[in-house]
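So the sequence shown is numbered by the numbering used here: it starts at 17 and just counts up by one.
Heads up, the beta-carbon is just placed ideally off N, CA and C, and yes, glycines get one too.
Working notes, structure below.
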Amino acid sequence: MPAAPFSRRLAAAAPVAALLLTLAACATAPSMSETRAPQPLKPIDAERLWSGRWHEVARLPMKITDGCVAGASLYDFTPPARVAVRDTCQVGTPEGREKAIDGRGEILDPGMNAKLRVKYLWGLITWDYWVLDRAEDYSWFISSDPTFDKLFIYTRDVPTPDQLARLTRRAGELGYDVRRLEFPAQPRS
């Protein structure tokens, strides 16, 4: 009769395993046939873009960012194509409690270096980020996903209102409905 406790444990674990598999299936990167976003415009100097801190100054709404302000992504590039990622935000106010998630990124288009696939939570969640456009001096970049569902505007420094308006216009020129953008509060410079 020792099989009964094992059977109960297996029966108890089955719903959890099913939930994890369902989440993983829903959160995987899209196939190329699902690509709708514009292609990246310029090659990226991976060491310049995929390193250091970037402020998330605008984004399309997502459940995962509800209540998040002062968002930032911290990148650490390891040649030839690896990027450690730490996405953070503050809850409620720029001085609020920090929320963070770490991921492992891989550049999908070596040479162009504009497409990054990041795996979070041991690969249970996978997102593709495409750098659609960037400043020549690497002071800002606009990032999307291939399905046109996500959009982020990042800057090295907190932008002025005029700078943010120009970046918002640029995102609109790329085909995004910028009326839907959120502009989370930023830390004081």
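- If you check the CB distance, residue 119 and residue 135 come in under 7 Å.
- In this structure, the straight-line span from the alpha carbon of residue 78 to that of residue 61 is close to 29 Å.
- DSSP links residue 159 through a beta bridge to 147, 168.
- Counting only the Cα atoms, residue 112 lies some 26 Å from residue 184.
- Across the structure, residue 147 and residue 71 are spaced so that their CA atoms are roughly 15 Å apart.
- Contact between residue 69 and residue 86 is absent: CB atoms are separated by about 12 Å, not below the 8 Å threshold.
- In the DSSP assignment, residue 180 falls outside any beta strand (DSSP E) and within the unbroken alpha helix (DSSP H) covering 177-189.
- Here residue 149 really is in contact with residue 57; their C-beta atoms are around 5 Å apart, less than 8 Å.
- Sequence-distant Cβ neighbours of residue 83 in its own chain, meaning closer than 8 Å and more than five residues away, are 107, 108.
- The residue from 158, 121, 104, 64 with its alpha-carbon nearest to that of residue 141 is 121.
- Going by C-alpha positions, residue 201 is about 34 Å away from residue 95.
- DSSP, read as helix, strand or coil, puts residue 60 in coil.
- Minimum Cα-Cα distance from residue 117 among the listed residues 129, 143, 126 corresponds to 143.
- A distance below 8 Å between beta-carbons, with the five flanking residues on each side excluded, links residue 196 to the following residues of its chain, in chain order: 76, 77.
- Its chain contains 45, 121, 122, 124, 142, 144 as the residues whose beta carbon lies nearer than 7 Å to that of residue 133, once the 5 sequence neighbours on both sides are disregarded; these appear in chain order.
- Judged by beta-carbon spacing, residue 169 lies beyond the 7 Å limit of residue 100, meaning their Cβ atoms are not closer than that value.
- A Cβ-Cβ separation of about 15 Å leaves residue 157 out of contact with residue 90 under the 8 Å criterion.
- CA-CA distance, residue 128 to residue 55, rounds to 11 Å.
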